[in-house]
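*Asks:* Numbering (my numbering), first residue to last: 21 to 207.
#1: Figure out for me which residue from 38, 108, 129, 53 has the closest Cα to the Cα of residue 143.
#2: What would DSSP say about residue 99, mapped onto helix, strand or coil?
#3: In whole angstroms, give me the CA-to-CA distance for residue 35 and residue 146.
#4: Measure from the alpha carbon of residue 153 to the alpha carbon of each residue in 140, 72, 134, then state which is nearest.
#5: Give me, in chain order, the residues of the same chain whose beta-carbon lies closer than 6 Å to that of residue 38; leave out the 5 immediate sequence neighbours on both sides.
#6: Alpha carbon to alpha carbon, how far is residue 160 from residue 78? Give it in angstroms, no decimals.
#7: Which word fits residue 260, buried or exposed, when buried means at least 16 other C-beta atoms lie within 10 angstroms of its C-beta?
#8: Going by other Cβ atoms of all chains shown within 10 Å of its Cβ, with 16 needed for buried, is residue 223 buried or exposed?
#9: Can you tell me the Cα-Cα spacing of residue 48 and residue 31, whole angstroms?
#10: Select from 89, 94, 151 the residue whose C-alpha is nearest the C-alpha of residue 109.
#11: For residue 118, I'd like the list of residues in its chain whose CB is within less than 7 Å of its CB, leaving aside the five on either flank, ordered along the chain.
#12: Could you tell me if residue 75 is buried or exposed, where buried requires 16 or more neighbouring beta carbons within 10 angstroms of its beta carbon?
#13: Candidates 104, 128, 124: which alpha carbon is nearest residue 59's?
#14: From residue 127 to residue 98, what does the alpha carbon distance come to, in whole angstroms?
#15: Whose CA, out of 67, 68, 95, 65, lies closest to the CA of residue 56?
#16: Excluding five sequence neighbours on each side, which residues of the same chain lie with their C-beta closer than 8 Å to the C-beta of residue 67?
#17: Can you tell me the Cα-Cα spacing of residue 116 and residue 102, whole angstroms?
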């Protein structure tokens, strides 16, 4: 027969850091680049030097960044080539789809990670023939981390051993070999 004392428990609130908001944003965009010569054909396109920074703004995270678009093209009826570079600045707004309303502090940390680096999907000459059109995709995931309360059930006495702390220390000293450190030096 069990007593009421065995089944008693309490609750304890623990303050910890946790993800209080999370969101994801996929973006496709088009950039128009004006080269110094009328292009004949596109020979290659690549995106480099991607940099970004994220901050919380209201119910969303704003990611501001930039990257360089490099387009290698030919001109003068494919007799000459050139690389045109343009730096593109952007702002992505990431809506927080999951939010913890129990966040207890205003001191929030924002972590943004790139799931898809800016990547060229297509690079073509515009219909009027004097510009280059570049389609780009990128994807981010953003997390907002803050302090929140977690409530846990505490069972007093569960898991505690009946041995006193002094007895454990005495037993540990009895098992020590006093010649342990000196034994290695004498050899």
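C-beta atoms are modelled at their ideal positions from N, C-alpha and C, and glycine is treated no differently.
*Replies:* By the coordinates alone:
#1: Here residue 143 corresponds to residue number 123 of the chain shown, with the count starting at 1. Out of 38, 108, 129, 53, 53 has the C-alpha closest to the C-alpha of residue 143.
#2: Along the chain shown, read from residue 1 onward, the residue named residue 99 stands at position 79. Coil.
#3: Position 15 of the chain shown, counted from the first residue, corresponds to residue 35. Position 126 of the chain shown, counted from the first residue, corresponds to residue 146. When rounded, the distance between both Cα atoms is 57 Å.
#4: The residue given as residue 153 occupies position 133 in the chain shown. That would be 140, whose Cα lies nearest to the Cα of residue 153.
#5: Translated into positions along the chain shown, residue 38 becomes position 18. The answer, listed in chain order, is 168.
#6: Here residue 78 corresponds to residue number 58 of the chain shown, with the count starting at 1. Here residue 160 corresponds to residue number 140 of the chain shown, with the count starting at 1. Between residue 78 and residue 160, the C-alpha separation is close to 18 Å.
#7: There is simply no residue 260 to check, as the chain begins at 21 and stops at 207 in what is shown.
#8: There is no way to answer for residue 223, as the model of the chain reaches only from 21 to 207.
#9: The residue labelled residue 48 in the question sits at position 28 within the chain shown. The residue labelled residue 31 in the question sits at position 11 within the chain shown. Those two C-alpha atoms are separated by around 49 Å.
#10: Taking the first residue of the chain shown as 1, we reach residue 109 at position 89. With distances taken between Cα atoms, residue 109 lies closest to 89.
#11: Residue 118 sits at position 98 when you count from the first residue of the chain shown. Same-chain partners within the cutoff: 41, 42.
#12: Looking up residue 75 in the chain shown gives position 55. Its Cβ having fewer than 16 others within 10 Å, residue 75 is exposed.
#13: In the chain shown, residue 59 corresponds to position 39, counting from 1. Of the listed residues, the one whose Cα sits closest to residue 59 is 104.
#14: Counting from one through the chain shown, the residue named residue 127 turns up at place 107. Counting from one through the chain shown, the residue named residue 98 turns up at place 78. Going by the C-alpha atoms only, they are around 58 Å apart.
#15: Taking the chain shown and counting its residues from 1, one reaches residue 56 at position 36. The candidate whose alpha carbon is nearest that of residue 56 is 95.
#16: Residue numbering aside, residue 67 sits at position 47 when the chain shown is read from its first letter. For residue 67, where only same-chain residues beyond five positions count, the Cβ hits under 8 Å are 87, 88, 89, 90, 137, 138, 139, 140, 156.
#17: Numbered from its first residue, the chain shown carries residue 116 at position 96. Numbered from its first residue, the chain shown carries residue 102 at position 82. So the alpha carbons of these two residues sit roughly 43 Å apart.
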